[in-house]
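These notes are about the structure you will find just below.
Protein chains: 2
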Amino acid sequence: MSINLTILGCHSATPRVNAHPTSQFLDINNRTFLIDCGEGTQVQLRKYKLRFSKIQCIFISHLHGDHYYGLIGLISTFMLHKRSQELHIYGPKGLKEVITLQLKLSKTWINFGLFFHELTSKSSEIIYEDDKVEVHTIPLKHRVYTNGFLFKEKEGDRKLNMAKIIKYDEIERCDYRNLQLGKDFKNSDGSLVNNQILTFAPNPAKSYAFCSDTMYTESIVPIIKNCDLLYHETTFLKDKNTLAKTTMHSTALQAGSIAKAANVKKLIIGHFSSRYTNLNDFKQEAQEVFENTELASAGKEFVV
Amino acid sequence: MSINLTILGCHSATPRVNAHPTSQFLDINNRTFLIDCGEGTQVQLRKYKLRFSKIQCIFISHLHGDHYYGLIGLISTFMLHKRSQELHIYGPKGLKEVITLQLKLSKTWINFGLFFHELTSKSSEIIYEDDKVEVHTIPLKHRVYTNGFLFKEKEGDRKLNMAKIIKYDEIERCDYRNLQLGKDFKNSDGSLVNNQILTFAPNPAKSYAFCSDTMYTESIVPIIKNCDLLYHETTFLKDKNTLAKTTMHSTALQAGSIAKAANVKKLIIGHFSSRYTNLNDFKQEAQEVFENTELASAGKEFVV
């Protein structure tokens with residue numbers, strides 16, 4: 021069980037030579053996801069040699085260009101690469117229309133299953149679930165309908181305590197699976213051995229919360245509470261507090277405050293405005309309230 | 021009078037780390053145009069420090085992604101940069117719908133005049149004309165409706181032959197403009213001095229023809245006849261002649277043949293398929309029939 025996050029772009033607004041718009045490549049419990057897909061994302065995926073053909077689901081936070089203008093190009097590339105695996109796209113209503121219109125205009129027939137899951141709910145909901153991972157929306161407050169996403173591992177199997185198990189002659193190899201699933205062991209005389217004697221707790225399930233774009237809103241705190249890793253946008257420093265409010269973005273101080281209130285283990289900040297040249301100012305400001313803060317940068321990897 | 025062309029991208033299909041899709045920045049007689057706009061074009065414009073705020077018109081050949089997926093991002097950037105100058109976009113029907121849909125979804129209000137000129141004609145037509153430049157479509161043969169574009173300077177003023185003019189006492193400075201416009205000079209006794217005695221012919225009007233994507237078609241030859249500079253796609257080498265035909269692209273040999281038949285002064289080739297690693301093979305093949313051939317490459321400038 022592990023979470024492996026690679027930042028592909030972490031700058032706001034317009035793509036520049038060394039400043040790429042939002043996108044992240046996430047490997048969680050052997051599921052491969054892409055979060056947001058600004059213009060140029062497919063080149064960033066190639067640059068960092070990420071196996072992007074493995075992407076199973078793409079999660080789009082909102083329909084501002086710096087978060088999704090690279091999506092149609094990536095889908096076209098999948099098509100040219102003769103992808104056969106299904107691709108599931110989660111994002112705001114409208115995304116399907118804009119992608120299918122462009123495919124229609126180019127007379128492109130997609131040769132793999134392309135499924136859109138359009139989001140409209142204003143409350144947090146589970147939008148993806150399998151036996152190992154679940155994904156919840158985090159309703160954010162921005163100028164258009166926007167969601168963050170909480171990626172949670174599911175708790176794995178309990179781990180066998182072999183030192184104890186071998187003391188019970190009646191327990192055979194074929195019983196191990198039931199023990200891993202948490203069941204007590206039943207002796208031939210009908211008496212029970214409590215599962216917790218025979219097993220250790222599973223590895224703790226990890227979680228990652230992605231929150232961009234959003235103004236400061238404490239409403240997200242209960243959803244992301246205690247998560248291991250939080251990415252929170254910080255477009256501005258606190259000197260631009262009013263501008264942050266008007267444009268519905270956050271300051272570094274606000275991102276730090278959210279991380280603290282939610283008791284997360286680590287905070288990553290990004291979505292920096294191009295007006296700032298020294299990004300360390302963002303880190304320092306967030307650290308005024310939350311020490312374990314790191315700056316996002318293209319190619320940087322975070323492992324939980 | 022001059023033509024200054026900068027290649028921004030000249031590779032086919034999917035953008036890669038050092039292979040950018042089609043786009044060209046054209047300065048012709050002080051008019052600034054962009055031709056095609058694949059994903060990442062705005063970053064290329066920045067990389068080569070081209071003053072892209074000056075772009076007056078954008079010409080889109082066809083609606084395959086490698087020729088226009090960067091357009092919506094460029095328009096968004098113009099908006100963020102608070103552009104006020106009008107922008108005119110010439111391209112196939114459908115382009116307006118896809119761009120305006122994306123602007124609507126992002127709740128973006130464009131703060132400058134954005135005009136779409138949608139093309140549907142299958143014959144060559146003049147689509148842009150001012151006092152110095154005209155632009156004609158070049159109907160191409162591809163899998164979707166596609167045009168190339170012929171950019172032609174208009175013939176400038178005749179040039180004053182001062183050595184001759186000073187011999188005529190009656191010609192004053194206020195008469196020069198009429199001489200430049202080709203008018204004969206009328207002496208006070210009513211007799212005429214032929215304009216050609218008093219002036220030299222204007223500098224020759226230059227022309228540039230952009231032809232991508234297209235299969236080999238001699239139908240374009242009369243339109244691009246004798247032009248100074250021709251960009252013709254060559255996606256494949258002649259070893260892939262059948263594939264070129266199926267996908268409605270050209271080989272280097274075919275591009276050379278068109279250049280020769282049209283008697284152009286120089287040929288630039290591009291739109292290379294990613295299957296080829298040695299691009300010089302394209303040059304050599306085209307040169308079998310047309311010697312003055314150059315390879316396009318990102319950042320390369322051609323001056324006429």
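Residue numbers (my numbering), protein chains in the order written: chain S, 21 to 324; chain Y, 21 to 324.
All C-beta atoms, glycine included, are put in the ideal place defined by N, C-alpha and C.
Here the structure is a predicted model, which is why all the values come from computation and not from measurement.
### Task
Only counting runs of 4 or more residues, tell me where the alpha helix (DSSP H) segments fall wholly within the stretch 147-219 of chain S, in order along the chain.
182-185, 196-200 and 215-218
### Query
What do you get for THR266(Y), buried or exposed, if any count of 16 or more other CB atoms within 10 angstroms of its CB means buried?
exposed
### Message
If we define contact as Cβ-Cβ less than 8 Å, is GLN105(S) a contact residue for chain Y?
### Response
no
### Message
Alpha carbons only, please: which of ASP209(S), LYS206(S), GLY202(S) and HIS162(S) is nearest the one belonging to ASP177(S)?
### Response
Out of ASP209(S), LYS206(S), GLY202(S) and HIS162(S), GLY202(S) has the C-alpha closest to the C-alpha of ASP177(S).
### Message
Can you give me the C-alpha to C-alpha distance between ASN49(S) and TYR110(S), rounded to a whole angstrom?
### Response
Take the alpha-carbon of ASN49(S) and the one of TYR110(S): they are about 19 Å apart.
### Task
Tell me, please, which residues DSSP counts as bridged to ILE78(Y).
LEU54(Y) and ILE109(Y)
### Task
Can you give me, in chain order, the residues of the stretch 70-87 of chain Y that have a beta carbon less than 9 Å from any beta carbon in chain S?
HIS82, LEU83, HIS84, GLY85 and ASP86
### Message
Taking DSSP's pairing of strands, which residues face HIS137(S) in a bridge?
### Response
TYR110(S)
### Message
Whether or not the stretch 283-297 of chain S and the stretch 217-224 of chain S are in contact is what I'm after, with contact meaning three or more pairs of Cβ atoms, one per stretch, closer than 8 Å; do they touch?
### Response
Look at the beta carbons and you see the stretch 217-224 of chain S not touching the stretch 283-297 of chain S: under three pairs across the two are nearer than 8 Å.
### Query
Between ILE95(S), THR262(S), SER293(S) and LYS127(S), which lies nearest to LYS116(S) when the distance is taken from Cα to Cα?
ILE95(S)
### Task
For chain Y, find out if any of its Cβ atoms is closer than 8 Å to the Cβ of ARG197(S); answer yes or no.
Not a single C-beta of chain Y is nearer than 8 Å to the C-beta of ARG197(S).
#### Entry: Residues bridged to SER231(Y) [DSSP beta-bridge criterion]
In the sequence as presented, Ser is not what sits at residue 231(Y); that position holds Cys. Answer by DSSP bridge pairing, in chain order: HIS252(Y).
#### Entry: CB contact below 8 Å: LYS280(S) versus chain Y
No, because no Cβ of chain Y sits closer than 8 Å to the Cβ of LYS280(S).
### Message
Between GLU117(S) and chain Y, is the shortest Cβ-Cβ distance under 8 Å, so that the two count as touching?
### Response
yes
### Interface residues of chain Y facing GLN200(S) [CB-CB closer than 8 Å]
Result: empty, since nearest Cβ-Cβ is about 44 Å, beyond 8 Å.
### Message
Please state the DSSP three-state secondary structure of GLU238(Y).
### Response
helix
### Query
What residues in the stretch 29-52 of chain S have a beta carbon less than 8 Å from any beta carbon of chain Y?
ALA33, THR34, PRO35, ARG36 and VAL37
### Query
So which residues on chain S does ILE92(Y) lean against when the C-beta distance must stay under 7 Å?
GLY85 and TYR89
### Message
Among ASN181(S), GLU305(S), ASN214(S) and PRO224(S), whose alpha-carbon lies nearest the alpha-carbon of ASP259(S)?
### Response
Closest option to ASP259(S), Cα to Cα, is GLU305(S).
### Exposed unless 16 or more other CB atoms sit within 10 angstroms - verdict on MET235(Y)
buried
### Task
For the alpha helix (DSSP H) holding VAL118(S), just list the boundary residues, first then last.
115-125
#### Entry: Listed by chain order, chain Y residues near GLY60(S) by CB distance under 8 Å
PRO35, GLU59, GLY60 and VAL63
### Query
Along chain S, in chain order, which residues have C-beta atoms closer than 9 Å to that of LEU121(Y)?
GLY114, GLU117, VAL118 and LEU121
### Task
Compute the Euclidean distance between the alpha carbons of LYS2(Y) and ASN167(Y), then round it to the nearest angstrom.
Given that chain Y is displayed from residue 21 to residue 324, the structure contains no residue 2(Y) and the question cannot be resolved.
### Contact between the stretch 49-65 of chain Y and the stretch 23-32 of chain S (3+ Cβ pairs under 8 Å)
no
### Alpha carbon of ARG163(S) to alpha carbon of GLU59(Y), nearest angstrom
Each residue's alpha carbon lies about 25 Å from the other.
### Query
Among LEU107(S), LEU123(S) and PRO35(S), which has the Cα closest to the Cα of GLY85(S)?
Nearest of LEU107(S), LEU123(S) and PRO35(S) to GLY85(S), Cα basis: PRO35(S).
### Query
Curious, which full-length alpha helix (DSSP H) runs of at least 4 residues does the stretch 242-307 of chain Y contain?
261-267, 272-281 and 300-307
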